[in-house]
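Below is one structure, written out as structure tokens; the observations come after it.
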Amino acid sequence: MHGKYAERAKLTRHSETREILKVTEHPEVISFAGGLPAAELFPVEELRIACDAVLKTDGAASLQYSTTEGYLPLRNEIVKRMDTIGIKANPQQTLITSGSQQAIDLLGKLFLDEGDTIICESPTYLAAINSFKVYKANFVEVEMDEDGMLMEALEEKLQKNSKAKFIYTVPDFQNPTGRTLKLERRKRMVELASQYDCLIIEDNPYGAVRFSGTPLPPVKHFDMDGRVIYLSTFSKIFAPGLRLGWICADNIIIEKLVAFKQIADLHSDSFSQRITAKYLELYDIENHIKKIRVVYKERCKTMLESIDRFFPDNISYSKPEGGLFIWVELPTFMDSSKIFMECMQHDVAIVPGISFFPNSTKTNTLRLNYSNTNSETIIEGIKRIGEVLNRELQKYNRINKVI
Ligand code: PMP
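The opening position of the sequence shown corresponds to residue -9 in our numbering, with each subsequent residue numbered one higher.
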């Protein structure tokens, strides 16, 4: 069997996060490992009503094959939503995808040849790394601070890699760090991409889940020459199981992506698209998103306060204004993969940060998710991690004193 696999099969790593999620599925484990939205907030009853309405009025059409570009009324709604955040587009510039994960994969197919260079934040979204690696791309990581990618560092990397195909960025409440690219840097990123003739893929699943601070226009808002390809999704504001995301880009790019999508799956789920469009017609999704924001704000606050209370002092962490994640930096002598194993002994799960660095360098970071755990359990879970970290610290201090 082994000899039959294509070369690229060697490049597909099992996603570490998925492997970790399997271990953490046991009910006794408090899991901060996944990136799951709070399931209790899914608008189940409203979706039942929308579903009924679709089956009554468009039953056959919703179960039939449909166009690759996506259901037009849904694309119209997406265009309206994008307009409210400063993106001017028309439905022809919008392609519905099976989650934004498919958008990432299609963009890899469209733009990447073996050995091509991608510029990205350090760290960056794990499943984008895994997706682009299949196309044998090289990653150039750009350092970040609490306000996102550093523009001087980006310029230096663009100078050194003049043939880089695109900058892949998650500017809002980034996965994994929870950090947000500040306004001036958004403008600057577009200027630099223009100056060095590079594309930008702006992956924005979390922008609408802002629970404090001031909303920022997307990077695409500053795009004057069609070099920003914008991705978003219904996964974090609605329901990830529906698998609905979208790409907004220039018509020519969309046409090419449509051809690749046709090869991949003909079109995204017709039924999901119609149910979602019906929901948007019958209800105000903004009211729903407001509820998500309230709950995530509370959970994030509880997690930050618990970290402050239970973690050792020499540990730093991000303070997100939205999204799903907190990023923790441990002292450099600590290895978060070992911390993960130790935490699992105490039935609490984290994700070691190493997987989020495409060139795998930093071992002292970890990601925590707060969206899918209630406040009481967050306090207990963080307390347990704090005990593990304090024990590790004491061990290190003892050894160093002896030496
Ligand atoms: N991009 C980023 C940055 C993500 O965090 C995720 C999901 N965790 C995705 C894309 C994919 O989301 P989906 O396919 O559910 O739209």
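Note that CB positions come from ideal geometry on N, CA and C, so glycine has one too.
Three-way DSSP call (helix, strand, coil) for ILE190 in this model: The answer is strand: DSSP assigns ILE190 an E or B state.
Given 8 Å, three or more beta-carbon pairs between the segment 284 to 297 and the segment 346 to 362: At 8 Å Cβ cutoff, the stretches touch.
Minimum length 4: unbroken alpha helix (DSSP H) runs contained in the segment 23 to 104: Taken in chain order, the whole alpha helix (DSSP H) runs of length 4 or more contained in the segment 23 to 104 are 34 to 53, 62 to 74, 89 to 101.
Buried or exposed (CB count within 10 angstroms, at least 16 for buried), GLU111: When all chains shown are included, GLU111 counts as buried.
Proximity test, SER225 beta-carbon vs the ligand PMP heavy atom, cut-off 7 Å: For the ligand PMP, at least one heavy atom lies less than 7 Å from the Cβ of SER225.
Complete runs of the beta strand (DSSP E) confined to the segment 248 to 320 [at least 3 residues]: Annotation: the segment 248 to 320 contains the following complete segments of the beta strand (DSSP E) (minimum length 3 residues), in chain order: 315 to 319.
Heavy atom of the ligand PMP within 7 Å of ASN387 beta-carbon: Outside the cutoff, so no.
Check: SER90 C-beta below 7 Å from any heavy atom of the ligand PMP: At least one heavy atom of the ligand PMP lies less than 7 Å from the C-beta of SER90.
8 Å Cβ cutoff met for PRO195 and SER152: Remark: C-beta atoms of PRO195 and SER152 do not approach each other more closely than 8 Å.
The ligand PMP heavy atom lying under 7 Å from the CB of ASP193: Set against 7 Å, the gap from the CB of ASP193 to the closest heavy atom of the ligand PMP is smaller.
Own chain, CB closer than 7 Å to THR322, minus 5 neighbours either side, in chain order: A distance below 7 Å between beta-carbons, with the five flanking residues on each side excluded, links THR322 to the following residues of its chain, in chain order: ASN354.
Assigned secondary structure, MET141 (DSSP; H/G/I helix, E/B strand, else coil): In the structure shown, the three-state DSSP call for MET141 is helix.
Where ASN359 sits in the DSSP three-state scheme: In the structure shown, ASN359 sits in a strand (DSSP, three-state: E or B).
Heavy atom of the ligand PMP within 7 Å of VAL218 beta-carbon: Not so, every heavy atom of the ligand PMP lies at least 7 Å from the Cβ.
Option nearest LEU314 by Cα separation, candidates THR167, VAL338, ARG175: Cα-wise, what sits closest to LEU314 is THR167.
Buried or exposed (CB count within 10 angstroms, at least 16 for buried), GLN185: Under the 10 Å beta carbon count, GLN185 is surrounded by fewer than 16 other beta carbons and is classified as exposed.
Touching by the beta-carbon criterion (3+ pairs, under 8 Å), the segment 243 to 256 and the segment 28 to 39: The segment 28 to 39 and the segment 243 to 256 do not touch, with fewer than three beta-carbon pairs separated by less than 8 Å.
Closest residue to ILE368 among GLU295, ILE265, ASN241, TRP236 (Cα-Cα distance): Ranking GLU295, ILE265, ASN241, TRP236 by Cα distance to ILE368 puts GLU295 first.
Closest residue to LEU31 among ASP274, TYR220, ALA229, LEU379 (Cα-Cα distance): Among ASP274, TYR220, ALA229, LEU379, the Cα nearest to that of LEU31 is on ALA229.
Extent of the continuous beta strand (DSSP E) to which VAL132 belongs: According to the DSSP assignment, VAL132 belongs to the beta strand (DSSP E) that extends over 128 to 132.
Beta carbon of ILE400 nearer than 8 Å to that of HIS211: Shown here, the chain extends from -9 to 393; a query on residue 400 therefore has no answer.
Beta-carbon contacts of ILE219 that lie in its chain and below 6 Å, excluding the five residues immediately before and after: So the list reads ILE191, ALA239, once near-sequence residues are dropped.
Status (buried if at least 16 other CB within 10 Å, exposed otherwise) for PRO17: Around the beta-carbon of PRO17, fewer than 16 other beta-carbon atoms lie within 10 Å, marking it exposed.
Among PRO207, GLU59, PHE330, the one whose alpha carbon lies nearest that of LEU405: This structure gives no information on residue 405, because the portion of the chain shown stretches from -9 to 393.
Backbone secondary structure at ALA118 - three-state DSSP: Helix.
Rounded straight-line distance, which links the Cα of TYR125 to that of ARG(-2): Rounded to the nearest whole angstrom, the CA to CA distance from ARG(-2) to TYR125 is 8 Å.
Local conformation of TYR125 per DSSP, three classes: Correct three-state label for TYR125: coil.
Spatial distance of LYS155 from ILE344 (CA atoms): In this model, LYS155 and ILE344 are separated by some 24 Å (Cα to Cα).
Limits of the unbroken alpha helix (DSSP H) element including LEU182: 173 to 185 is the span of the alpha helix (DSSP H), which, as asked, contains LEU182.
ASN165 beta carbon near the ligand PMP (any heavy atom closer than 7 Å): Yes, since a heavy atom of the ligand PMP falls inside the 7 Å radius drawn around the Cβ of ASN165.
TYR55 Cβ short of 7 Å to the ligand PMP heavy atom set: In this structure, TYR55 has its beta carbon at no less than 7 Å from each heavy atom of the ligand PMP.
Given 8 Å, three or more beta-carbon pairs between the segment 254 to 270 and the segment 49 to 66: The answer is yes - the segment 49 to 66 touches the segment 254 to 270, with three or more Cβ pairs under 8 Å.
From ALA127, LYS0, ASP48, residue whose alpha carbon lies closest to that of ILE157: When each option's Cα is compared against that of ILE157, the closest is ALA127.
Per DSSP, cross-strand counterpart(s) of PHE156: Beta-bridge pairing links PHE156 to ILE108, LEU189.
Counted within 10 angstroms of its Cβ, other Cβ atoms place MET141 as buried (16 or more) or exposed: Looking at its Cβ environment, which holds 16 or more other Cβ atoms inside 10 Å, MET141 is buried.
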